[in-house]
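Convert by adding 135 to the 1-based position in the sequence shown; the result is the number in the numbering used here.
Ideal placement from N, C-alpha and C gives every residue a C-beta, glycine not left out.
Quantities reported herein were computed from a predicted structural model and do not represent experimental measurements.
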Amino acid sequence: MAPPLAAATREVRPTSVPEVKRPTVEELRLTSFKSYRRAVLPMSPLTVLYGPSGAGKSNALDALGVLSRLAHGEEIKSSLDGVGGRRGPLAAPVRGGLAGCVPHGRNAIILGCAVRSRAGTVRLDVVVRTDERVRIARESLTLDGQTLMATGEQDLARGRINTTWHNDSRQGDIRAPLPNGSLITAQLPLRVAGASKGERKVLDAAEQLLTALREVFALHPVPAAMRGWVRPEPQARLHASAANVSAVLHRLEHECPRRWARLLRAVQAAAPHPLLGLGVAQRGEGERRRLLAVFDEGVLGRTGADQASDGMLRLLAFAAVLLTGAAVLDVDPAIEVPDAHRQLVLLAEDLGAGLATEQAGALLRVAREVTGKSDIRLLATLQEPGAALGLDGVELVECRRDPATGHSLLRRIEPVARVPAQGTAAGEAAGLPTGPPAGTVRGGGAVVDLGE
């Protein structure tokens with residue numbers, strides 16, 4: 136007879152920690168996903184992942200996006216290949232679809248994460264097999280080292296996987312076959328009765344993890360799409376491409392003058408010329424009414440979004456999200472969770488594209504200010520680390536390829552290594568050590584990828 140789940144792992148007594156109001160993703164494990172093997176990405180309120188194009192930065196963002204999609208509880212294939220439609224976090228496919236997430240020559244995706252919550256540290260590990268039928272092949276949920284849920288044997292013919300969850304009662308742990316076509320943890324709130332203290336512990340841990348993962352929004356502003364006139368929407372929510380940014384700005388201008396003023400100051404701080412204001416131009420009436428964001432440049436005139444630079448449009452979209460949060464985003468939050476207990480994770484692809492280092496730095500300073508208030512976190516990518524150097528409170532992680540294997544490697548840059556050395560070239564002035572050969576382990580925890 137198998138030992139109860141509570142006894143299957145070494146008990147870890149949590150130490151005294153500050154109260155946690157919002158469940159927070161603090162670690163992403165990319166065991167086997169796209170270009171990654173056994174890599175770990177530490178996540179702070181403000182995390183910047185930098186490296187050249189093709190190093191694997193976007194793949195890391197995709198990994199968190201995949202976990203977020205699975206947390207919605209839909210079928211795996213449709214979650215990653217997209218369910219269609221214009222709106223919602225699952226409408227469009229993840230980059231490359233399900234097939235593109237599987238490493239070359241493999242038949243499985245292996246991902247995990249750690250979420251800090253009021254109950255403790257919740258860890259999820261999941262293996263998705265793509266041979267034969269797409270399914271969960273293995274999944275486990277732990278809380279401070281104690282296993283609360285684990286899967287076992289599969290019934291491929293019926294599409295089921297035996298699942299055991301902690302019960303903490305005389306009858307022992309509960310076992311039941313659950314559908315293997317969607318994330319098991321997402322099924323627990325509907326399957327676990329909560330009749331015992333142990334079951335309530337399982338439910339609480341699952342809900343904390345799902346809440347943290349569902350509040351993820353990937354923003355990839357597409358300037359060409361942002362330049363068009365758009366229909367007004369009283370409850371406009373920003374799309375991932377920011378194509379409807381003009382409608383969102385119109386809503387923000389009328390609903391929250393305070394946030395509108397903060398947005399103006401943020402854009403002014405990054406603009407290379409005097410900027411007197413932001414506005415939204417209107418044309419047409421009734422069903423033909425359309426909106427377009429406008430930059431007021433004073434004596435230089437008013438520049439519409441249709442004439443603005445790519446960089447300024449991208450900056451406008453990123454700043455709008457950072458300063459307004461989930462209220463204006465096209466996300467599907469856990470509505471049963473109070474706003475005070477929710478936290479948005481913004482995935483910002485190529486934050487500095489089209490911007491000078493100083494402009495990207497100004498945007499990161501805005502991010503540092505808002506992420507310090509604990510209701511929003513930012514995971515951003517940059518080509519070069521210059522904009523993040525010298526900024527306190529930034530988790531800086533280097534992304535590069537192992538020349539021997541081609542796998543993506545992640546390396547956390549310690550703050551002491553970020554101070555630019557005087558008299559060095561621009562590339563060396565970043566003060567970033569090249570580190571040990573790929574796949575080796577270095578003292579002090581600097582290397583977070585063990586390679587293969």
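Hey, out of Gly232, Ala206, Gly217, whose CA is closest to Pro194's CA?
By 1-based counting over the sequence shown, the position of residue 194 is 59. In the sequence as displayed, the identity of residue 194 is Asn instead of Pro. It is Gly232.
When we look at the beta-carbon of Arg547 and count the other beta-carbons within 10 Å, is it buried (16 or more) or exposed?
Counted from its first residue, the sequence shown places residue 547 at position 412. Result: buried.
Which runs of the beta strand (DSSP E), 3 residues or longer, sit entirely within the stretch 485-522?
Listed in chain order, they are 511-517.
Buried or exposed: Leu597, going by 16 or more other Cβ atoms within 10 Å of its Cβ?
Nothing can be reported for residue 597: it is not among the residues displayed for the chain, which extend from 136 to 587.
How about Ala328 and Leu345: do their beta carbons lie closer than 8 Å?
The residue given as residue 328 occupies position 193 in the sequence shown. The residue given as residue 345 occupies position 210 in the sequence shown. Not closer than 8 Å, so no.
Output the residue ranges of the alpha helix (DSSP H) runs that lie fully inside the stretch 282-355 and measure 4 residues or longer, sorted by chain position.
Correct list: 319-326, 332-349.
Determine the DSSP secondary structure at Pro392, reduced to helix, strand or coil.
Along the sequence shown, read from residue 1 onward, the residue named residue 392 stands at position 257. Reduced to three states, the DSSP call for Pro392 is helix.
Helix, strand or coil: how does DSSP classify Val263 here?
If you number the sequence shown from 1, residue 263 lands on position 128. Strand, per DSSP.
Indicate the three-state DSSP secondary structure (helix, strand or coil) for Pro177 in the structure shown.
Taking the sequence shown and counting its residues from 1, the one referred to as residue 177 is at position 42. Strand.
Distance, Cα to Cα, Val529 vs Glu519?
Residue numbering aside, residue 529 sits at position 394 when the sequence shown is read from its first letter. Residue numbering aside, residue 519 sits at position 384 when the sequence shown is read from its first letter. Going by the C-alpha atoms only, they are around 14 Å apart.
Going straight from the alpha carbon of Phe453 to that of Pro312, what length do you get?
In the sequence shown, counting from the first residue as 1, residue 453 sits at position 318. In the sequence shown, counting from the first residue as 1, residue 312 sits at position 177. Rounded to whole angstroms, Phe453 to Pro312 spans 44 Å at the Cα level.
When you compare each of Ala455, Met361, Arg424 to Arg394 by their alpha carbons, which one comes out closest?
Counted from its first residue, the sequence shown places residue 394 at position 259. Looking at the Cα atoms, Ala455 is the closest of the given residues.
Please determine if the stretch 287-303 and the stretch 263-277 are in contact, where contact requires at least 3 C-beta pairs separated by less than 8 Å.
In short, these stretches touch, since the Cβ pair count reaches three.
Excluding five sequence neighbours on each side, which residues of the same chain lie with their C-beta closer than 6 Å to the C-beta of Ala285?
Residue mapping note: residue 285 aligns to position 150 of the sequence shown, counting from 1. Ser275, Thr299, listed in sequence order.
Could you pull out every residue in the same chain whose Cβ sits closer than 7 Å to the Cβ of Ser381, ignoring the five residues on either side in sequence?
Along the sequence shown, one-based indexing puts residue 381 at 246. If we look at Ser381 and ignore the five residues flanking it on each side, its Cβ neighbours are Val365, Val415, Leu426, Leu427, Ala428, Ala440.
Per DSSP, which one or two residues make a beta bridge with Arg251?
Sequence index remark: in the sequence shown, residue 251 carries index 116 (1-based). Partner(s): Thr159, Thr256.
Quick check on the burial criterion: 16 or more other C-beta atoms within 10 angstroms. Buried or exposed for Glu420?
For the purposes of this step, residue 420 is identified with residue 285 of the sequence shown, where counting begins at 1. So Glu420 counts as exposed.
Under 8 Å between the Cβ atoms of Leu544 and Ala174?
By 1-based counting over the sequence shown, the position of residue 544 is 409. By 1-based counting over the sequence shown, the position of residue 174 is 39. In contact: Leu544 and Ala174 (Cβ atoms closer than 8 Å).
Here's the rule: buried if 16 or more other CB atoms are within 10 angstroms of the residue's CB, otherwise exposed. What is Gln442?
Numbered from its first residue, the sequence shown carries residue 442 at position 307. It counts as exposed.
Taking DSSP as the reference, what is the three-state secondary structure of Thr166?
Stepping through the sequence shown from its first residue, residue 166 is reached at position 31. If DSSP states are grouped into helix, strand and coil, Thr166 belongs with the strands.
My output table needs one value for Val532: the three-state DSSP class, helix, strand or coil.
Residue numbering aside, residue 532 sits at position 397 when the sequence shown is read from its first letter. Val532: strand per DSSP, three-state reduction.
Going by DSSP, name the residue or residues bridged to Val365.
What you label residue 365 is simply residue 230 of the sequence shown in a count that begins at 1. Leu426.
Counting C-beta neighbours from all protein chains within 10 Å, is the total for Leu325 16 or more, i.e. buried, or is it exposed?
By one-based count along the sequence shown, residue 325 stands at place 190. Result: exposed.
Going by DSSP, what residue range makes up the alpha helix (DSSP H) through Leu457?
Counting from one through the sequence shown, the residue named residue 457 turns up at place 322. 445-459 is the extent of the alpha helix (DSSP H) around Leu457.
Kindly give me the distance between the Cβ atoms of Ala522 and Thr492, rounded to whole angstroms, as I take these residues to be in contact under 8 Å.
Here residue 522 refers to the residue found at position 387 of the sequence shown. Here residue 492 refers to the residue found at position 357 of the sequence shown. Yes, they are in contact, since the Cβ atoms of Ala522 and Thr492 sit about 5 Å apart, within 8 Å.
Tell me the DSSP secondary structure of Ile132 in three-state form.
Given that the chain is displayed from residue 136 to residue 587, the structure contains no residue 132 and the question cannot be resolved.
Measuring alpha carbon to alpha carbon, tell me which residue in Val237, Val402, Asp445, Asp537 is nearest Leu499.
One-based indexing of the sequence shown puts residue 499 at position 364. Minimum Cα distance to Leu499 is reached at Val402.
Which partner residues of Ser203 appear in the DSSP bridge assignment?
Taking the sequence shown and counting its residues from 1, the one referred to as residue 203 is at position 68. According to DSSP, which records beta bridges pairwise, Ser203 is partnered with nothing at all.
In terms of residues, what are the limits of the beta strand (DSSP E) holding Leu544?
If you number the sequence shown from 1, residue 544 lands on position 409. That run of the beta strand (DSSP E) goes 543-547.
For Gly235, does the three-state DSSP call read helix, strand or coil?
Start at 1 with the first residue of the sequence shown, and residue 235 comes out as number 100. Gly235 falls in the helix class under three-state DSSP.
What are the boundary residues of the beta strand (DSSP E) that Arg437 is part of?
Residue numbering aside, residue 437 sits at position 302 when the sequence shown is read from its first letter. Segment 437-439, the beta strand (DSSP E) holding Arg437.
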